[in-house]
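Enquirer:
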Amino acid sequence: MSIIVKNISKSYGQVKALDDISLEVRPGELFGLIGPDGAGKTTLFRILTTLLLPNEGTASVNGFDIVKDYKSIRNNVGYMPGRFSLYQDLTVEENLRFFATIFGTTIKENYDLIRDIYVQIEPFKNRRAGRLSGGMKQKLALSCALIHKPKVLFLDEPTTGVDPVSRKEFWEMLKRLQKQNITIFVSTPYMDEAELCDKIALITDGKILQINTPEAIKASFPKKIYKVRSSETFKLIQDLGTYNKTHSAYPFGEYIHFTSTQSDFQPSELIDYLKANKHNQIEVLETNATIEDTFMELSK
Amino acid sequence: MKAANAIQVKNLTKTFGEFTAVNNISFHVGKGEVFGFLGANGAGKTTAMKMLIGILKPTSGKAQVANYDITSHANDVKKNIGYMSQRFSLYNDLTIKENITFFGGIYGLKKATIKTKTQALINDLGLHDEANKLVGSLPLGWKQKVAFSVSLLHDPQIIFLDEPTGGVDPITRRQFWEMIYREAHKGKTIFVTTHYMDEAEYCDRVSIMVEGKIEALDSPKNLKTQYKVDSMNQVFLKLARNIE
Chain F
1 MSIIVKNISK
11 SYGQVKALDD
21 ISLEVRPGEL
31 FGLIGPDGAG
41 KTTLFRILTT
51 LLLPNEGTAS
61 VNGFDIVKDY
71 KSIRNNVGYM
81 PGRFSLYQDL
91 TVEENLRFFA
101 TIFGTTIKEN
111 YDLIRDIYVQ
121 IEPFKNRRAG
131 RLSGGMKQKL
141 ALSCALIHKP
151 KVLFLDEPTT
161 GVDPVSRKEF
171 WEMLKRLQKQ
181 NITIFVSTPY
191 MDEAELCDKI
201 ALITDGKILQ
211 INTPEAIKAS
221 FPKKIYKVRS
231 SETFKLIQDL
241 GTYNKTHSAY
251 PFGEYIHFTS
261 TQSDFQPSEL
271 IDYLKANKHN
281 QIEVLETNAT
291 IEDTFMELSK
Chain H
1 MKAANAIQVK
11 NLTKTFGEFT
21 AVNNISFHVG
31 KGEVFGFLGA
41 NGAGKTTAMK
51 MLIGILKPTS
61 GKAQVANYDI
71 TSHANDVKKN
81 IGYMSQRFSL
91 YNDLTIKENI
101 TFFGGIYGLK
111 KATIKTKTQA
121 LINDLGLHDE
131 ANKLVGSLPL
141 GWKQKVAFSV
151 SLLHDPQIIF
161 LDEPTGGVDP
171 ITRRQFWEMI
181 YREAHKGKTI
191 FVTTHYMDEA
201 EYCDRVSIMV
211 EGKIEALDSP
221 KNLKTQYKVD
231 SMNQVFLKLA
241 RNIE
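Top to bottom, those sequences are chains F and H. When we follow full-length UniProt numbering, the leftmost residue of the first sequence carries the number 1, and every step to the right adds one. When we follow full-length UniProt numbering, the leftmost residue of the second sequence carries the number 1, and every step to the right adds one.
(1) Could you run through the segment 123-144 of chain F and flag, in chain order, every residue whose CB is less than 7 Å away from some CB of chain H?
(2) The alpha helix (DSSP H) with residue 296 of chain F in it runs from where to where?
(3) With a CB to CB cut of under 6 Å and the five nearest residues on each side skipped, what residues in its chain are close to residue 70 of chain F?
(4) Answer yes or no: do residue 299 of chain F and residue 171 of chain H have a C-beta to C-beta separation smaller than 8 Å?
(5) Pick from F:228, F:161, F:231, F:146: whose alpha carbon is nearest that of residue 178 of chain F?
(6) Does DSSP classify residue 29 of chain H as helix, strand or coil?
(7) Give me the DSSP bridge partner(s) of residue 73 of chain H.
(8) Quick check: the Cα distance between residue 32 of chain F and residue 292 of chain F, rounded to an integer number of angstroms?
(9) With distances taken from CA atoms, which of F:294, F:220, F:209, F:235 is nearest residue 248 of chain F?
(10) Within 10 angstroms of its Cβ, does residue 288 of chain F collect 16 or more other Cβ (buried), or is it exposed?
(11) Would you call residue 109 of chain F buried or exposed, if buried means 16 or more other Cβ atoms sit within 10 Å of its Cβ?
(12) Does chain H have any CB closer than 8 Å to the CB of residue 285 of chain F?
(13) Residue 163 of chain F touches chain H at which residues, Cβ-Cβ below 9 Å?
(14) From residue 186 of chain H to residue 124 of chain H, what distance separates their C-alpha atoms?
(15) Among residues of its own chain, excluding the 5 on either side of residue 244 of chain H, which ones have a beta-carbon nearer than 6 Å to its beta-carbon?
(16) With distances taken Cα to Cα, identify the nearest neighbour of residue 89 of chain H among H:141, H:5, H:229, H:175.
(17) So, with DSSP's three-state summary, where would you put residue 14 of chain F?
(18) For residue 243 of chain F, which residues from the same chain have a beta carbon less than 7 Å from its beta carbon, with the 5 sequence-adjacent residues on both sides left out?
(19) If we count the other Cβ atoms within 10 Å of its Cβ and call it buried at 16 or more, is residue 35 of chain H buried or exposed?
(20) Just checking residue 128 of chain F against the ligand PLP - is the residue's beta carbon closer than 7 Å to any of the ligand's heavy atoms?
(21) Give every residue of the same chain whose Cβ lies closer than 6 Å to the Cβ of residue 202 of chain H, excluding the five residues on either side of it in the sequence, and list them in chain order.
(22) Mapping the DSSP letters down to three states, classify residue 12 of chain H as helix, strand or coil.
(23) Taking only runs that begin and end inside the segment 246-287 of chain F, name each unbroken beta strand (DSSP E) of 3 or more residues, in chain order.
(24) According to DSSP, is residue 52 of chain H part of a helix, a strand, or is it coil?
(25) Give the interface partners of residue 140 of chain H over in chain F, defined as CB-CB distance under 9 Å, in chain order.
(26) For residue 189 of chain H versus residue 135 of chain H, is the C-beta distance shorter than 8 Å?
(27) Measure the beta-carbon distance from residue 134 of chain F to residue 212 of chain H and round it to whole angstroms, keeping in mind my assumption that it falls under 8 Å.
(28) What number of angstroms, rounded off, separates the C-alpha of residue 1 of chain H from the C-alpha of residue 220 of chain H?
(29) I'd like the list of long-range same chain contacts for residue 166 of chain H, defined as Cβ closer than 6 Å, with 5 residues on each side in sequence excluded.
(30) Could you say if the segment 55-63 of chain F and the segment 6-13 of chain F meet the contact criterion of at least three C-beta pairs nearer than 8 Å?
(31) Excluding the 5 residues flanking residue 74 of chain F on each side, which residues of the same chain have their C-beta closer than 7 Å to its C-beta?
(32) So is residue 16 of chain H buried or exposed if we call it buried at 16+ other beta carbons inside 10 Å?
(33) What separation, rounded to the nearest whole angstrom, lies between the Cα atoms of residue 160 of chain H and residue 50 of chain H?
(34) Measure the C-alpha to C-alpha separation of residue 22 of chain H and residue 88 of chain F and round it to an integer number of angstroms.
(35) Nearest-angstrom Cα distance between residue 233 of chain H and residue 198 of chain H?
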């Protein structure tokens, strides 16, 4: 196993940031930690990268214990924190050379690994990091995290606040990196990105809700889901909220995802109810659960 | 310019030295509309928004917000709009109550009004137990709901929301949009940016900015028909960087 986490807990004063977390990541796996802001994702990253000690539990990365062998872990992993943390007043190239040097290597030695990403920012190699755009900063940070050829790469919310196009490009980059036999442990609040991981852990309020492949997590959704729409969305949300057979009703783009409390529920009942409430252009269709549906059901 | 529009923008341009951040954009937002203002990072959204809320002077072009000219009457614009962003909205080291009192004071509300509004806001959000807690100790989703309510304190006609739901958990994110809908239903105009494309679907109309220009502007339904795709995410990918 590349990463083993056993019963890790961490509190800050009264606040329990992590509550008895356990998980395993296989070598070469792209593992996603999926959860909102405040779920405890960053705390787990800081524990695994040996920057923070847990209150309880044990963990190892690449076979090294996070407490006893912290120095070995630091040499073997790459870490890209959520907040941009390169030297703003060094140039692109200086930053990269700095990170190569402190890990006892050179840019040349591992250039192959970063070529794909670095060529995109190489035209700006003499620009100070502080003056790069968000997307370029992200590529530089990833290059710096990779320059010593780590066995495990930790990426804490690399795509938060990033637009859908740049997010797509970033994930394509990760997929290519994965082929170079690097284990990738990545966190994100975007549920659609969960689909791109080999395995995911859904986390909220310091607890893991479920760990599995994205397919298995979607398949585990316990109810039939219907996508519903009518000509008046706002009224539809309100009317579904007061319908006596509603288990859940959440907006999903142009539809509302609806589940019923009745196991023998028939869509025709809902259509009748909506008609009685003066809705037009009513549509009720069975649909498949997404990761987000499952997340909301589990955290309800 | 028609008074029926909450926002009217004509040939608005902003340059920084050699760089044109906003390039001759024109559009309007109707009263009571939920308007999604989308674009890739660096497309010029923030610059455009800063001009519309009266804190950045345009290089050329004109805009009216709540019937006030953004250049000659910037202060009137500020008094008549609400604004919240993901980055900054409330003071973490003040309690919820203190934040409301503070912002109420900034907006020039009377003490008695602040008192009633505070009570109403806390009731609406069901935050009785948290009212005297520091904002910094609240989960992000709650913070954002409080921030949205605070941006409504002075009863503005238009509310600008800059990525209000980034990183917020999926359930709270939806509750937040229900709050948006409720305000729009009361006739308030909503101008919102987001990176969640499912949220783009909740808007009446959406504009997509690419390199300083507005490349598309229509209802989500029409945009999907026009670009022959079935989600706003695909519309965005096609437009913003020509990715299939």
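Cβ atoms here follow ideal geometry from the backbone N, Cα and C, with glycine treated the same way.
Expert: On the basis of the supplied data:
(1) For the segment 123-144 of chain F, which is checked against every Cβ of chain H, the residues closer than 7 Å are 133, 134, 135.
(2) The sequence position of residue 296 of chain F within the first sequence is 296, counting from 1. Looking at the DSSP string, the run of the alpha helix (DSSP H) that includes residue 296 of chain F is 291-299.
(3) Here the question's residue 70 of chain F lines up with position 70 in the first sequence. Cβ neighbours of residue 70 of chain F beyond the five flanking positions: 50.
(4) Within the first sequence, the letter at position 299 stands for residue 299 of chain F. Within the second sequence, the letter at position 171 stands for residue 171 of chain H. It is a contact, given that the beta carbons lie within the stated cut-off.
(5) Here residue 178 of chain F is taken as the residue at index 178 of the first sequence, counted from 1. For residue 178 of chain F, the nearest C-alpha among the options comes from F:146.
(6) To locate residue 29 of chain H, count along the second sequence from 1; it is residue 29. In this structure, residue 29 of chain H counts as strand in the three-state DSSP scheme.
(7) Along the second sequence, read from residue 1 onward, the residue named residue 73 of chain H stands at position 73. Paired residue(s): none; residue 73 of chain H is not in a bridge.
(8) Locating residue 32 of chain F in the first sequence gives position 32, counting from the first residue. Locating residue 292 of chain F in the first sequence gives position 292, counting from the first residue. Those two C-alpha atoms are separated by around 14 Å.
(9) The count along the first sequence starts at 1 and reaches residue 248 of chain F at position 248. Nearest C-alpha to residue 248 of chain F: F:294.
(10) Stepping through the first sequence from its first residue, residue 288 of chain F is reached at position 288. Flag for residue 288 of chain F reads exposed.
(11) In the first sequence, the residue the question calls residue 109 of chain F occupies position 109. Exposed, because fewer than 16 other Cβ atoms sit within 10 Å of the Cβ of residue 109 of chain F.
(12) Locating residue 285 of chain F in the first sequence gives position 285, counting from the first residue. No, no contact with chain H.
(13) Taking the first sequence and counting its residues from 1, one reaches residue 163 of chain F at position 163. Residues of chain H passing the Cβ test: 38, 39, 40, 41, 42, 43, 195, 236, 240.
(14) The residue given as residue 186 of chain H occupies position 186 in the second sequence. The residue given as residue 124 of chain H occupies position 124 in the second sequence. Using only the alpha carbons, I get a separation of about 16 Å.
(15) Stepping through the second sequence from its first residue, residue 244 of chain H is reached at position 244. Bear in mind that a pLDDT of 40 at residue 244 of chain H, under 50, signals an unreliable position, so the number given afterwards is only what the model happens to contain. The beta carbon of residue 244 of chain H lies closer than 6 Å to none in the same chain, with the five residues before and after it left out.
(16) Working through the second sequence from its first residue, we reach residue 89 of chain H at position 89. Just measuring C-alpha positions, the residue of H:141, H:5, H:229, H:175 sitting nearest residue 89 of chain H is H:141.
(17) To locate residue 14 of chain F, count along the first sequence from 1; it is residue 14. Three-state DSSP puts residue 14 of chain F in coil, outside helix and strand.
(18) As a first step, residue 243 of chain F is located in the first sequence; it is residue number 243 there, counting from the start. So the qualifying residues of the chain are 273.
(19) Here the question's residue 35 of chain H lines up with position 35 in the second sequence. Residue 35 of chain H comes out buried.
(20) The model on display carries no ligand, and the ligand PLP is accordingly not part of it.
(21) Here residue 202 of chain H corresponds to residue number 202 of the second sequence, with the count starting at 1. Only 177 meet the Cβ criterion.
(22) Reading the second sequence from its first residue, position 12 is the one you call residue 12 of chain H. Three-state result, residue 12 of chain H: strand.
(23) Scanning the segment 246-287 of chain F from its first residue to its last, the whole beta strand (DSSP E) runs of 3-plus residues come out as 246-252, 255-260, 283-287.
(24) In the second sequence, the residue the question calls residue 52 of chain H occupies position 52. In the structure shown, residue 52 of chain H sits in a helix (DSSP, three-state: H, G or I).
(25) Residue numbering aside, residue 140 of chain H sits at position 140 when the second sequence is read from its first letter. Neighbours of residue 140 of chain H on chain F, chain order: 36, 37, 38.
(26) Along the second sequence, one-based indexing puts residue 189 of chain H at 189. Along the second sequence, one-based indexing puts residue 135 of chain H at 135. Going by C-beta atoms, residue 189 of chain H is not nearer than 8 Å to residue 135 of chain H.
(27) Start at 1 with the first residue of the first sequence, and residue 134 of chain F comes out as number 134. Start at 1 with the first residue of the second sequence, and residue 212 of chain H comes out as number 212. The Cβ separation is near 16 Å, so there is no contact.
(28) Here residue 1 of chain H corresponds to residue number 1 of the second sequence, with the count starting at 1. Here residue 220 of chain H corresponds to residue number 220 of the second sequence, with the count starting at 1. In this predicted model, residue 1 of chain H has a pLDDT of only 46, less than 50, meaning its place in the structure is not dependable enough to derive any value.
(29) As a working note, residue 166 of chain H is residue 166 in the second sequence. So the qualifying residues of the chain are 86.
(30) yes
(31) Against the first sequence, residue 74 of chain F aligns to sequence position 74. Cβ neighbours of residue 74 of chain F beyond the five flanking positions: 50.
(32) The sequence position of residue 16 of chain H within the second sequence is 16, counting from 1. Taking every protein chain shown into account, the CB of residue 16 of chain H has fewer than 16 other CB atoms within 10 angstroms, so this residue is exposed.
(33) Here residue 160 of chain H corresponds to residue number 160 of the second sequence, with the count starting at 1. Here residue 50 of chain H corresponds to residue number 50 of the second sequence, with the count starting at 1. Taking the straight line joining both Cα atoms gives about 10 Å.
(34) Residue mapping note: residue 22 of chain H aligns to position 22 of the second sequence, counting from 1. Residue mapping note: residue 88 of chain F aligns to position 88 of the first sequence, counting from 1. Between residue 22 of chain H and residue 88 of chain F, the C-alpha separation is close to 26 Å.
(35) Here residue 233 of chain H refers to the residue found at position 233 of the second sequence. Here residue 198 of chain H refers to the residue found at position 198 of the second sequence. The straight-line gap from Cα to Cα measures roughly 8 Å.
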